[in-house]
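Asks: Anchor point for the sequence shown: position 246 equals 251 in this note's numbering, and the numbering is continuous, going up by one each time. Note that CB positions come from ideal geometry on N, CA and C, so glycine has one too. Pasting a structure below so you can have a look.
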Amino acid sequence: MREAHYGCRIDPYGTYKGMRTLVLQNELIRMSILLDKGSDIFELLYKPKDVDFMWRSPIGLRHPPIPASMQNPQGIFTDYYHGGWQELFPSASGPSYYQGAHLGFHGEVATCPWEFAVLVDEPEAVEVLLTTKTLRTPFILEKRIRLEAGRPVIQFRETIHNYGRTELDFMWGHHPSYGAPFLSEDCILELPDCTIITSDKAEPSNRLPHGNRFDWPYAVDVHGKPADLRKIGGIGAETTDMFYATAYKEGWYALTNRRMNLGIGMAWPVDDFPHLWIWQEFGGTKGYPWYGNAYTVVIEPFTSRPSIGEDGLNEAIRNGTAKKIRAGDKISKELKVVIYETDRGVEKILPTGEVIER
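What follows is the structure, given as structure tokens:
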């Protein structure tokens, strides 16, 4: 492997808080990955403006073997949730008991160690293959990540393999959390035309009423007042909401900070991820785990969605959104991430990663 200091390059030899890291970068982007914890992306830096898009949660990054005072019945995800970007599979949302296996909050792979191999290592492009094997279900997940010179685009191509002899249900998605300084009330969220479904579970700090449907981008809040879902609130809003976008004909979203003239978006084939989860935490959760200190927006392309969020995979099975994979089969999906500079907002993001401004 090259010991490069220009163009596209890879650094696979680092550690952070005792965990192996993998760093990919080109002239515009630096992406840092925790190999020993879920292949989490804990840094996504846009070099020209020195802005890291990832949220750093008040929990901080802890080495997973550090024990809590007692076991959390939901699993270990939240105790070690540092922010950043996780892969969620084969379940998501609340813990589930499925086919004799207890699956914790947000599934298995976000807390598994991953191995890597270098596929391309040239100044013009780098590409790596990350691989993990689930503990309680018979899956192998492979993730290819590619960066090309001079392009603010990250390309993902992923494959799951059911090596068991049983057809299985699954949920699969990405959980990128955006935070300050990028995230602020100067941000707008843009989506294609879609239907918004709010969570069936009511929380005291919800801005939106539970169990409702709206046409993007307008809703009605719990007080009966109009709500423009494109606008991002501040931490002083003291609200928390979970809602789901669905029935879109184009797979993309864009989050733009108009004051910074900077944005980030994703694009994907609609059939790969027909649901988009949107979690907005603006200081509204006053108890565990945030105690009023969380300020983030998490925008998550997903195969499926829960209903209440307390029995994740089983809820997706009941509401008909869970996917199936036959014994021995493989399923692949693609996703692109793009960083862009504009203060005008985004009309759409093409499957190539090209951003069409308003």
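Helix or strand or just coil, what does DSSP make of R25?
Replies: Here R25 sits in strand by DSSP.
Asks: Does DSSP put K254 in a helix, in a strand, or in coil?
Replies: Of the three classes helix, strand and coil, the one that applies to K254 here is coil, per DSSP.
Asks: For F30, does the count of other Cβ atoms within 10 angstroms reach 16, so buried, or fall short, so exposed?
Replies: It should be pointed out that residue 30 corresponds to Gln in this sequence rather than to Phe. Per the 10 Å Cβ criterion, buried.
Asks: Short of 8 Å in beta carbon distance, which residues of its chain neighbour T34, apart from the five on each side in sequence? Order them along the chain.
Replies: Thr is not the amino acid found at residue 34; the sequence shown has Ile there. Answer for I34: L49, L50, Y51, K52, L152, P157, I159 and I344, listed in chain order.
Asks: Tell me where the beta strand (DSSP E) around N31 begins and ends.
Replies: Unbroken run through N31: none, as it is neither H nor E.
Asks: Note down, one range per segment and in chain order, each beta strand (DSSP E) of at least 3 residues found wholly within the stretch 220 to 246.
Replies: With a minimum length of 3 residues, the continuous beta strand (DSSP E) runs that stay inside the stretch 220 to 246 are 223 to 225 and 231 to 233.
Asks: What did DSSP end up calling T142 once you bin it into helix, strand or coil?
Replies: Here T142 sits in coil by DSSP.
Asks: Within its chain, find whatever has a CB closer than 8 Å to the CB of A130; leave out the 5 residues flanking it on each side and keep chain order.
Replies: Excluding positions up to five away in sequence, the list reads C13, R151, L152, E153 and A154.
Asks: Please look up how many angstroms separate the CB atoms of Y300 and L281, rounded, as I've assumed it's under 8 Å.
Replies: Wrong, their Cβ atoms sit about 21 Å apart, outside the cutoff.
Asks: Touch check for the stretch 133 to 141 and the stretch 95 to 115: three-plus C-beta pairs under 8 Å?
Replies: Because the criterion of three Cβ pairs below 8 Å is met, the stretch 133 to 141 and the stretch 95 to 115 touch.
Asks: Which one of D246, S204, F248 and G270 has the shortest CA to CA distance from I193?
Replies: Ranking D246, S204, F248 and G270 by Cα distance to I193 puts G270 first.
Asks: Quick check: T200 and L213, are their CB atoms within less than 9 Å of each other?
Replies: No. Outside cutoff.
Asks: Which residues in the same chain have their Cβ closer than 7 Å to the Cβ of E190, if we skip the five residues on either side of it in sequence?
Replies: Once the five neighbours on either side are set aside, the close Cβ partners of E190 are I237, G238 and G239.
Asks: Report yes if the CB atom of E305 is closer than 9 Å to the CB atom of G99, and no otherwise.
Replies: Not a contact, by the Cβ cut-off of 9 Å.
Asks: With DSSP collapsed to three states, give me the class of A122.
Replies: Note: A122 maps to strand in three-state DSSP.
Asks: Looking only at its own chain, which residues have a Cβ that is under 6 Å from the Cβ of I361, when we skip the five neighbours before and after it?
Replies: Contacts found: E352 and K353.
Asks: Thinking C-alpha only, which one of P186, T308 and G268 is nearest N324?
Replies: Measuring from the Cα of N324, the nearest candidate turns out to be T308.
Asks: Note down, in chain order, each residue of its chain lying with its Cβ closer than 7 Å to the Cβ of P1, except the 5 sequence neighbours on either side.
Replies: Nothing can be reported for residue 1, as the shown portion of the chain is limited to 6 through 363.
Asks: Pull up the DSSP beta-bridge partners for T164, would you.
Replies: E147 and S337, per the DSSP bridge assignment.
Asks: Using 10 angstroms around the beta-carbon of K335, count the other beta-carbons present and answer buried if the total reaches 16, otherwise exposed.
Replies: Exposed is the call here.
Asks: In whole angstroms, what is the alpha-carbon distance linking I81 and F110?
Replies: Straight-line Cα distance between these residues: approximately 8 Å.
Asks: Check L40 in the structure and name its three-state DSSP category.
Replies: Three-state result, L40: coil.
Asks: Could I get the ranges of all uninterrupted beta strand (DSSP E) runs contained in the stretch 167 to 195, with 3 residues as the minimum, in chain order?
Replies: Segments of the beta strand (DSSP E) lying fully in the stretch 167 to 195: 173 to 175, 178 to 183 and 192 to 195.
Asks: Going by beta-carbon coordinates alone, are S101 and G314 separated by less than 9 Å?
Replies: Result no, Cβ atoms of S101 and G314 do not sit closer than 9 Å.
Asks: Report the residue from L66, D84, G65 and G19 whose alpha carbon sits nearest the alpha carbon of S74.
Replies: Measuring from the Cα of S74, the nearest candidate turns out to be D84.
Asks: Please go through the same chain and pick out, in chain order, the residues whose beta-carbon is closer than 8 Å to the beta-carbon of Y86, but skip the five residues on each side of it.
Replies: The answer, listed in chain order, is S62, I64 and P294.
Asks: Confirm, please, whether the CB-CB distance from L124 to V133 is below 9 Å.
Replies: Yes, the Cβ-Cβ distance between V133 and L124 is below 9 Å.
Asks: Count the other CB atoms, across all protein chains shown, that sit within 10 Å of the CB of T244; report buried if there are 16 or more and exposed otherwise.
Replies: Under this definition T244 is a buried residue.
Asks: Rounded to whole angstroms, what is the Cα-Cα separation between M6 and K42?
Replies: The alpha-carbon atoms of M6 and K42 are separated by roughly 24 Å.
Asks: Taking P274 as the reference, which of V342, W60, K230 and Y296 has the closest Cα?
Replies: The shortest Cα separation from P274 among V342, W60, K230 and Y296 belongs to V342.
Asks: Tell me whether the beta-carbon of V161 lies closer than 9 Å to the beta-carbon of P95.
Replies: Sequence inspection shows Phe at residue 161; the Val mentioned does not correspond to that position. For F161 and P95, no; Cβs fall outside 9 Å.
Asks: Counting along the chain, where does the beta strand (DSSP E) carrying I15 start and finish?
Replies: Taken as a continuous stretch (DSSP letters only), the beta strand (DSSP E) holding I15 covers R14 to D16.
Asks: Thinking W284 and M247 are a contact (beta carbons under 8 Å), I'd like their distance in whole angstroms, please.
Replies: So it is a contact: roughly 5 Å between Cβ atoms.
Asks: If you follow the alpha helix (DSSP H) that L93 is in, where does it begin and where does it stop?
Replies: No alpha helix (DSSP H) holds L93; the beta strand (DSSP E) holding it covers W90 to L93.
Asks: Which value, in whole angstroms, describes the spacing of the CA atoms of T347 and H228?
Replies: Approximately 34 Å between the Cα atoms of the pair.
Asks: Can you grab the Cα-Cα spacing for the pair R141 / E255, in whole Å?
Replies: Their Cα atoms are separated by approximately 34 Å.
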